[in-house]
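Read through the structure below, which is laid out as structure tokens, and then see the notes.
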Amino acid sequence: MKKIQRIAIANRGEVAVRIIRACEELGLETVLLHSDADMQSRAYRMATKKICIGAASGPAQSVNCYLNIEANINAALAAGADALHPGFGFLSENADFAEQCEKNGLVFIGPSADAIRKLGDKIFFKNLAKKAGLPLIPCYEGDDQSINVLLDEAEKIGLPVIVKAAAGGGGRGMKLIRQLSEAKDLIESAQREALSAFGSAKVFLEKYLERAKHIEFQIFGDSTGHVEHLFDRECSVQRRHQKIIEEATSPSLTKELRRKMGEIACTIASLGQYKNAGTVEFLLQDNQFYLLEVNTRLQVEHPVTEEVLGIDLVKMQILTAQGNFIFSPQDIRMPKGHAIECRVYAENPYQSGMPSTGKLGLVRWPEGPRRRFEYGFESEDTITSYYDPMIAKVIVWDENRNRAIDKMIRTLKDSVIFGVSTNIPYLIEILNHDEFRSAKMTTRFIETYFADGLKSKSDDEQVKKWAQLVNKKLKSTQGQSATQSADQPLLNSVVSPWASYWRGV
Amino acid sequence: MKNNFSVIIDGQEKTVTAEIIDKKIWFKLDAQTYSWDLIDLAEGNYQSNYKKTKSSSKSPDKILAPMPGKVIKIFVSENQTVSKGDTLLVMEAMKMEYTLKADIDSTVEKIFSKVGEQVTLGYLLIQLKNDKQG
């Protein structure tokens, strides 16, 4: 196997930064393959080389450049990269992309194209699991994607039914059908989202479990193809099927369940001859667990596993791709303490999570022991509407779950992000909720208690008074006329209802 | 740091972090972040901008873009009658879809956007005509 010297990164935001950091520590150069909208970002400033592979907006927007296989490969080759890390989302689970990379002499840092096809294609994976006698949820996975067939199948499975992108993950293109009357609209909407996010409109249907917990196992196949699991995470706190808070290890597993599920995770990965990092997802309800899917990539929430085990999964990925990582029987990995991750999104929690865009002002992350901040954007960078609304991930570790929760709340309270609204107040409310504290939350937790976001606690007149006071003080502290710009006429002649609809953001 | 200072609120000294960004003041007080339009704080402008615009956002005959993003599907055409709860239009931003529905029984008077169009926050997408007002 050839030595890797320069790694191309087909991704953006915090995960691009994460990969660059691992490369730097291994003494490798990096090439960031980016869109024109991401030139004001931390990864752009950090990468050894960068190549713009397309525009985020304008007439050429029809195919998102991060989904363009040819553009990514051509740029990686032009920059002299010998390997490529796909991150997560975008092309990370695209078997054709992995295959094209290898064909063009780029080492794909992830599982083989064949393993992605076997395990990553949810339908293929389910057949594989079925043959092996592993527990699955009732579903429709057929090739006939006509709307009438999908509607019939949804009825057969019995509502509630979930619609998912066959090629996807991370909540994109997922819809929940509760009533047959809304089924057609929701299926069509899921197909459109799937097409725009993953380049394929194929969807499948599945019975929705009402009180389930989302449990997943980190698996890893070393250079020799030997698969081990690196314990579990719980990601039950999800909104519209997108994870918000994740933790390791799951507070819901008995020793016996952990052993059984871990074994099954390894079995399924071994069936796919899995090399590199992956995740086997389960739903757990009333002590029954069901295999959900395999994500053939690094997960957004990988840091919580890293924190409880003291490992670096991205480095392990690169070393495995180089043929340089082999599990040793001497390494006994036991999780220690508890880790929690919160995803900080640019959205307004007081307006049911409306996306918030704009230029970041002050950004301050309160450093401390076992507090970790993964972020892709800094002061002066702009959060655009073209991509994912995640600004950062905050990860904390402590000796037990309760202390980790307390540490997370404190860390979030001390974080400063100006310029866009964030979901931080929402995260704090969730962390403080009895059902979360007692670890009883299911995947319906958010829907049940936080469906409409938060109600603002502060009254507008009060906030205005504070704003006046603070503004006056800021003016005198900075010795400049802070209100000067306010004397100018309002530039936006169209009065937007949102422009000044600012409460406690 | 210039952005950190203390203020007296209700007789108590509090540490505040503050910054002006794009005609808004952003500040953090008691672990909460707030922002407010500066124009609304300027002297001689006592009427709350917030109150003024809040009422306009409540006029159900104007379907405004609740966020910057792309129009991906329009379900109605001009002169079509719609009922309360009918889906009018789907927008996409940050790869998520948002569905805008009619809040009133009405007629579609004018459509100001096209499928595929990128629109700004607050953009008037559809003008409805309230049937009851005739």
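In the order they appear, the protein sequences are chains A and B.
For the first sequence, the working numbering gives the first residue as 792, with consecutive numbering after it.
For the second sequence, the working numbering gives the first residue as 10, with consecutive numbering after it.
Ideal Cβ placement from N, Cα and C applies to all residues, glycine included.
Here the structure is a predicted model, which is why all the values come from computation and not from measurement.
Query, Result
"Per-residue contacts from Met103 of chain B into chain A (C-beta, under 7 angstroms)", "Pro1146, Ser1176, Tyr1178, Asp1179 and Pro1180"
"Environment of Pro69 of chain B [buried if 16+ CB atoms lie within 10 Å]", "exposed"
"Burial state of Val940 of chain A (16 or more Cβ within 10 Å)", "exposed"
"Beta-carbon proximity list for Leu1110 of chain A, same chain, < 7 angstroms, skipping 5 on both sides", "Phe1116"
"Own chain residues within Cβ distance below 7 angstroms of Met1145 of chain A, not counting five before or after", "Glu1138 and Asn1139"
"Rounded C-alpha distance that separates Asp1077 of chain A from Phe1022 of chain A", "21 angstroms"
"Distance between Gln1259 of chain A and Glu1098 of chain A (C-alpha atoms, nearest Å)", "43 angstroms"
"Segment contact flag, the segment 991–1010 of chain A with the segment 1219–1239 of chain A, C-beta cutoff 8 angstroms, min 3 pairs", "yes"
"Those runs of the alpha helix (DSSP H) which lie wholly inside the segment 1081–1117 of chain A and span at least 4 residues", "1093–1100 and 1104–1112"
"Proximal residues of chain A, C-beta to C-beta of Phe14 of chain B below 7 angstroms", "Lys1264 and Thr1268"
"Own chain, CB closer than 6 angstroms to Gln891 of chain A, minus 5 neighbours either side, in chain order", "Ile860 and Ile864"
"Status (buried if at least 16 other CB within 10 Å, exposed otherwise) for Asp1243 of chain A", "exposed"
"Residues in the segment 75–87 of chain B having any Cβ partner in chain A nearer than 7 angstroms", "Pro75, Met76, Pro77, Gly78 and Ile81"
"Closer than 7 angstroms to chain A by CB, Lys123 of chain B", "no"
"Boundaries of the beta strand (DSSP E) in which Tyr43 of chain B is found, first to last residue", "Gln41 to Asp46"
"Option in B:Met105, B:Val128 and B:Phe121 with minimal Cα separation from Gln136 of chain B", "B:Phe121"
"Within chain A, the residues that Tyr90 of chain B reaches when beta carbons sit closer than 9 angstroms", "With the sequence shown as reference, residue 90 of chain B is identified as Thr, and Tyr is not the correct amino acid for it. Per Cβ cutoff of 9 angstroms: no residues; Thr90 of chain B is ~19 angstroms from chain A at best."
"Alpha-carbon to alpha-carbon, Asp1179 of chain A and Ser1247 of chain A", "25 angstroms"
"Chain A contacts from the segment 22–44 of chain B (Cβ-Cβ distance under 8 angstroms)", "Val25, Thr26, Ala27, Glu28, Ile29, Ile30, Asp31, Lys32, Lys33, Ile34, Trp35, Phe36, Lys37, Leu38, Ala40, Gln41, Thr42, Tyr43 and Ser44"
"As assigned by DSSP and simplified to three states, the class of Gln1033 of chain A", "strand"
"Own chain partners of Lys23 of chain B with C-beta closer than 8 angstroms, once the 5 adjacent residues on each side are dropped", "Ser15, Val16, Ile17, Leu38 and Asp39"
"Residues near Arg1161 of chain A in its chain [Cβ-Cβ closer than 8 angstroms; skip 5 each side]", "Glu1098, Val1187, Trp1188, Asp1189 and Lys1198"
"Span of the alpha helix (DSSP H) around Trp1257 of chain A", "Asp1251 to Gln1269"
"Proximal chain B residues relative to Gly901 of chain A, where beta-carbon distance stays under 7 angstroms", "Result: empty, since nearest Cβ-Cβ is about 22 angstroms, beyond 7 angstroms."
"Minimum Cβ-Cβ distance from Glu106 of chain B to chain A less than 7 angstroms", "yes"
"Chain B residues whose Cβ lies nearer than 8 angstroms to that of Gln1259 of chain A", "Leu50"
"Member of A:Phe1008, A:Ser937 and A:Asp829 whose CA lies at the smallest distance from the CA of Glu1038 of chain A", "A:Phe1008"
"Terminal residues of the alpha helix (DSSP H) in which Tyr835 of chain A lies", "Arg833 to Met837"
"First and last residue of the uninterrupted alpha helix (DSSP H) at Asp1189 of chain A", "Taken as a continuous stretch (DSSP letters only), Asp1189 of chain A belongs to no alpha helix (DSSP H), being part of the beta strand (DSSP E) at Met1181 to Asp1189."
"CA-to-CA distance, Asp19 of chain B to Lys1264 of chain A, given in whole angstroms", "16 angstroms"
"Cβ-based burial, Pro1094 of chain A [other Cβ within 10 Å; buried from 16]", "buried"
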